[in-house]
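If you're matching positions, the sequence shown starts at 36 in the working numbering and goes up one per residue. Okay, structure first, notes after.
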Amino acid sequence: MEAYLHGFLDKALLGTREDALRKPIVRIFGREVEVYDLSHPISERTPTWPYGAAGIETSRLRSHAHDRVLAVRLTHTMHMGTHMDAPLHVEEGYPSIDEMPLERYIGDGVVVSIPKKEWEIITPEDLERAEPKIEENDIVIINTGWHHYYGDYTRYFCFGPGLYKEAAEWFVKKKVKGVGVDLQAMDHPLGTRLVQTGGGMPPLEPWLIDLYKKITGRDVYQDFPYWEPCHRILYTHGIFGIENIGGEVDKVTGKRCVIAAFPLKWVGGDGSMVRVVAIVEKK
36 MEAYLHGFLD KALLGTREDA LRKPIVRIFG REVEVYDLSH PISERTPTWP
86 YGAAGIETSR LRSHAHDRVL AVRLTHTMHM GTHMDAPLHV EEGYPSIDEM
136 PLERYIGDGV VVSIPKKEWE IITPEDLERA EPKIEENDIV IINTGWHHYY
186 GDYTRYFCFG PGLYKEAAEW FVKKKVKGVG VDLQAMDHPL GTRLVQTGGG
236 MPPLEPWLID LYKKITGRDV YQDFPYWEPC HRILYTHGIF GIENIGGEVD
286 KVTGKRCVIA AFPLKWVGGD GSMVRVVAIV EKK
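See below:
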């Protein structure tokens with residue numbers, strides 16, 4: 036048995052769990068900064084968009100007891116949790132996630148508060164009034180407050196507010212670098228496959244069509260005639276989009292900061308989970 040126990044270090048050489056978790060000082064170009072996480076955690080309980088795809092499935096390949104290391108396999112799509120889509124996700128022949136230049140995913144940004152109620156639209160007027168002012172080449176993070184409902188499937192996915200065609204056109208005209216939202220998708224839920232037929236496929240949540248008519252007295256297809264216009268307008272113009280912003284977004288709302296969110300270098304990939312951070316100079 037002793038022959039299999041070689042190679043173990045003296046435990047006295049190991050740091051503690053607290054040592055591993057200790058936050059270091061972060062300096063960028065000599066200036067001390069604070070780093071905020073704008074991402075939701077991922078786990079087997081991560082909510083999934085209503086395409087019917089399974090959530091995150093895990094299986095243990097290696098264990099400390101038998102292999103001296105832990106290795107876990109994750110099985111999932113990239114379109115869950117805090118993630119970004121590649122242009123290829125929405126338009127055939129456009130770039131996959133590995134083809135996009137990294138320079139797009141880091142830069143000056145702003146986190147703006149635009150509170151919205153159920154099914155309300157984020158308008159160009161909302162974006163014009165947002166503070167701090169949205170500038171050209173900004174990465175824009177929008178806090179509607181709906182990240183607080185992330186665990187409530189029906190409310191978050193089916194009744195949330197959202198961007199639509201006019202906002203996408205505004206972002207293109209403004210020449211922003213990227214957009215992140217604390218919402219279920221880059222488009223308003225009523226502009227997605229929840230109710231849209233999208234190439235002849237049936238709606239995923241058809242009961243919303245009658246409910247919208249009952250509540251508003253209007254036809255949902257008159258108010259939302261286009262299928263995912265924000266996805267298509269933004270991504271084909273090279274403006275990236277991040278869905279399901281969360282984490283510490285409230286702590287940096289109303290601030291200018293550096294935003295960074297790098298996707299995996301997945302060859303031919305249609306999207307990627309991302310860890311979104313806001314970097315603020317320490318006062």
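Even for Gly, the Cβ is constructed at its ideal location relative to N, Cα and C.
Hey, how far is the Cα of L49 from the Cα of G42? Here residue 49 is taken as the residue at index 14 of the sequence shown, counted from 1. Here residue 42 is taken as the residue at index 7 of the sequence shown, counted from 1. Each residue's Cα considered, the two are about 14 Å apart.
If you drop the 5 nearest sequence neighbours on each side, which residues of the same chain put their C-beta closer than 6 Å to that of P238? Translated into the one-based positions of the sequence shown, residue 238 becomes position 203. Excluding residues within five positions, the ones whose Cβ falls inside 6 Å are V230.
Are the beta-carbon atoms belonging to T110 and M308 less than 9 Å from one another? Taking the sequence shown and counting its residues from 1, the one referred to as residue 110 is at position 75. Taking the sequence shown and counting its residues from 1, the one referred to as residue 308 is at position 273. Going by C-beta atoms, T110 is not nearer than 9 Å to M308.
Strand pairing of T110, partner residues [DSSP]: Sequence index remark: in the sequence shown, residue 110 carries index 75 (1-based). DSSP output for T110 lists E92 as bridge partner(s).
Using the Cβ count rule (16 or more neighbours within 10 Å means buried), how would you classify I63? Position 28 of the sequence shown, counted from the start, is the residue given in the question as residue 63. Exposed, because fewer than 16 other Cβ atoms sit within 10 Å of the Cβ of I63.
Report buried or exposed for P150, applying the criterion of at least 16 other Cβ atoms within 10 angstroms of its Cβ. Taking the first residue of the sequence shown as position 1, residue 150 is located at position 115. Exposed, since its Cβ has fewer than 16 Cβ neighbours within 10 Å.
Going by beta-carbon coordinates alone, are V284 and N178 separated by less than 9 Å? For the purposes of this step, residue 284 is identified with residue 249 of the sequence shown, where counting begins at 1. For the purposes of this step, residue 178 is identified with residue 143 of the sequence shown, where counting begins at 1. Yes.
Going by Cα to Cα distance, which pick from K200, K46 and T83 is closest to T189? As a working note, residue 189 is residue 154 in the sequence shown. Nearest of K200, K46 and T83 to T189, Cα basis: T83.
Which first and last residues belong to the alpha helix (DSSP H) in which K248 is found? Working through the sequence shown from its first residue, we reach residue 248 at position 213. Start and end: W242 to T251.
Three or more beta-carbon pairs under 8 Å between the segment 278–297 and the segment 122–135, yes or no? no
Is the segment 197–217 touching the segment 166–178 in the sense that three or more CB pairs, one from each, lie closer than 8 Å? yes
Simplified DSSP state of M36, which is helix, strand or coil: For the purposes of this step, residue 36 is identified with residue 1 of the sequence shown, where counting begins at 1. In this prediction, M36 scores a pLDDT of 44, lower than 50, which makes its location untrustworthy; no coordinate-derived value is stated.
Determine, using beta carbons only, whether A203 and I268 come nearer to each other than 9 Å. Sequence index remark: in the sequence shown, residue 203 carries index 168 (1-based). Sequence index remark: in the sequence shown, residue 268 carries index 233 (1-based). Result yes, Cβ atoms of A203 and I268 sit closer than 9 Å.
Residue of P298, R97 and A220 minimising C-alpha distance to P264: Reading the sequence shown from its first residue, position 229 is the one you call residue 264. For P264, the nearest C-alpha among the options comes from A220.
Would you verify that the beta carbon of M113 is, or is not, closer than 9 Å to some beta carbon of chain B? Within the model displayed, chain B is absent; a lone protein chain is all it includes.
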